[in-house]
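One structure is given here, and the rest of the page talks about it.
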Amino acid sequence: MAEPSGEDTRCGFVALIGAPNAGKSTLINALVGSKVSIVSHKVQTTRMLVRGIAIEGSAQLIFVDTPGIFAPKRRLDRAMVTTAWSGAHDADLTVLLIDARKGFDDENDAIMNKLAEVGGKKILLLNKIDLVEKETLLGLTKSANERMPFAATFMVSALNGNGVADLKTWLAGQVPAGPWHYPPDQISDAPLRQLAAEITREKLFARLHQELPYQSTVETDSWKQLKDGSIRIEQTIYVERESQRKIVLGKGGQTIKAIGAEARKDIGELAEAPVHLFLFVKVREGWGDDPERYREMGLEFPKE
Ligand SMILES: Nc1nc2c(ncn2[C@@H]2O[C@H](COP(=O)(O)OP(=O)(O)OP(=O)(O)O)[C@@H](O)[C@H]2O)c(=O)[nH]1
Ligand SMILES: [Mg+2]
């Protein structure tokens, strides 16, 4: 695809914000038409800003997926929430996602209050409409718009794609005129090794429970192209305690084997080459307070 010439191109940043689990990452993947951000049924899956790029007519839309906004306790949580708001402050447009099934609970209420301080156009997006009645949606639309002037309201199902095309078309007409920021065929600005680490983290989130997903992180240590065209990748999963390391490994190494097999498949699709994936599990007590881990994730390290 070639960038349209002339002065009629448009380009802009659209931030997706909302409470954890609202469906921001599912939506960015639907908008881009490819998996650029990991998804899980657990809250607080996304930890950093993830950019996904889409073309709509003569417009290039750079979507910014953000970590869910909640009342943060740990240092990592604070870094995630700060990052989420920075994504909104830097964007041309901000889309507030509400899980229509949850409606305006305390969490969404607090987000609305802070959203008032963000400049630029704001769009209300009711997500998961496949799960609720139409009257509920109309009620939510009315009460939200009474509180804040939204430029538009959309109702979508990020999961089955309903309403997503309309949203994209509308956004394309809203972003400012200007040249495209990225080459036309680029869909993400993250390096492959970072996407690969995220994929493995997605598998951890799916397989592990309670505090373990939140007390682990994944880094790609090496990425080597082999002569036969395949790729050899080494990744480390950091956990906080020896007992957690044992859980990640599983009985006879079963759990890590399953995680590795699932991740290898997805990373192979992403890299469009056969992948040999080697996973190591290391105990790194207090990694959540280690600035180096934040640098790897592309997060600011909060001083306290
Ligand atoms: N039924 C239904 N489920 C959805 C929809 N959109 C997302 N989900 C589900 O909601 C869960 C959370 O989705 P995510 O996309 O990870 O949510 P998120 O807002 O990125 O969450 P955080 O990264 O934790 O802030 C997943 O289980 C999704 O499959 C939808 O439109 N309908
Ligand atoms: Mg997410």
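Residue numbers (numbering that gives the first Met the number 0): 0 to 303.
Yeah, the Cβ is synthetic: ideal placement off N, Cα and C, and Gly gets one too.
This structure is a prediction, so every number in the text was calculated from the model and none was measured.
Near Gly297, which residues of its chain fall below 6 Å by C-beta distance, leaving aside the five closest residues on each side in sequence? Met47
For Leu139 and Ile97, believed in contact at Cβ under 8 Å, the rounded distance: 7 Å
Confirm the yes/no value for this check: CB of Ser187, any heavy atom of ligand 2, distance under 7 Å. no
How close, in whole Å, do the beta carbons of Leu203 and Ile258 come, if the pair is a contact with beta carbons under 8 Å? 6 Å
Report the three-state DSSP secondary structure of Ser24 (helix, strand or coil). helix
Does the Cβ-Cβ distance between Asn161 and Ile128 come in under 8 Å? yes
Sequence-distant residues of the same chain with beta carbon closer than 7 Å to Ala337, five excluded per side: The question about residue 337 has no answer, for the chain in this structure spans 0 to 303.
Classification of Val42 by the beta-carbon crowding that lies within 10 angstroms, buried from 16 upward: exposed
Can you tell me whether DSSP reads Lys121 as helix, strand or coil? strand
Collapsed DSSP secondary structure at His275 in the structure displayed: strand
To the nearest angstrom, how far is it from the Cα of Leu75 to the Cα of Gly287? Taking the Cα positions, Leu75 is about 6 Å away from Gly287.
Name the residue from Leu30, Asp184, Pro19 whose alpha carbon lies nearest to the alpha carbon of Trp169. Leu30
Closer than 7 Å to a non-hydrogen atom of ligand 1 - does that hold for the CB of Thr199? no
Taking 7 Å as the limit between beta carbons, can you name the residues of its chain near Ile186, skipping five residues before and five after? For Ile186, where only same-chain residues beyond five positions count, the Cβ hits under 7 Å are Val31, Ser33, Val35, Gly51, Ile52.
Among residues of its own chain, excluding the 5 on either side of Arg146, which ones have a beta-carbon nearer than 8 Å to its beta-carbon? Met111
For Phe277, count the other beta carbons within 10 Å of its own beta carbon; 16 or more makes it buried, fewer makes it exposed. Which is it? exposed
Check whether the Cβ atoms of Ala150 and Lys120 lie closer than 8 Å to each other. yes
Rounded Cβ spacing between Asn144 and Ala21 (contact assumed at less than 8 Å): So it is not a contact: roughly 18 Å between Cβ atoms.
Residue environment, Gln224, which counts as buried when at least 16 other CB atoms sit within 10 Å: exposed
Could you pull out every residue in the same chain whose Cβ sits closer than 7 Å to the Cβ of His180, ignoring the five residues on either side in sequence? Cβ neighbours of His180 beyond the five flanking positions: Cys10, Gln59, Ile61.
Length-filtered (3 minimum) beta strand (DSSP E) runs lying within the segment 230 to 294: Listed in chain order, they are 230 to 238, 274 to 282.
Gln243 burial status per 10 Å Cβ neighbour count (16 or more: buried): buried
Residue range of the alpha helix (DSSP H) that Leu166 falls in? 163 to 171
Measuring CA to CA, which of Ala90, Arg231, Gln234 is closest to Pro175? Ala90
From Ala14 to Val238, what does the alpha carbon distance come to, in whole angstroms? 31 Å
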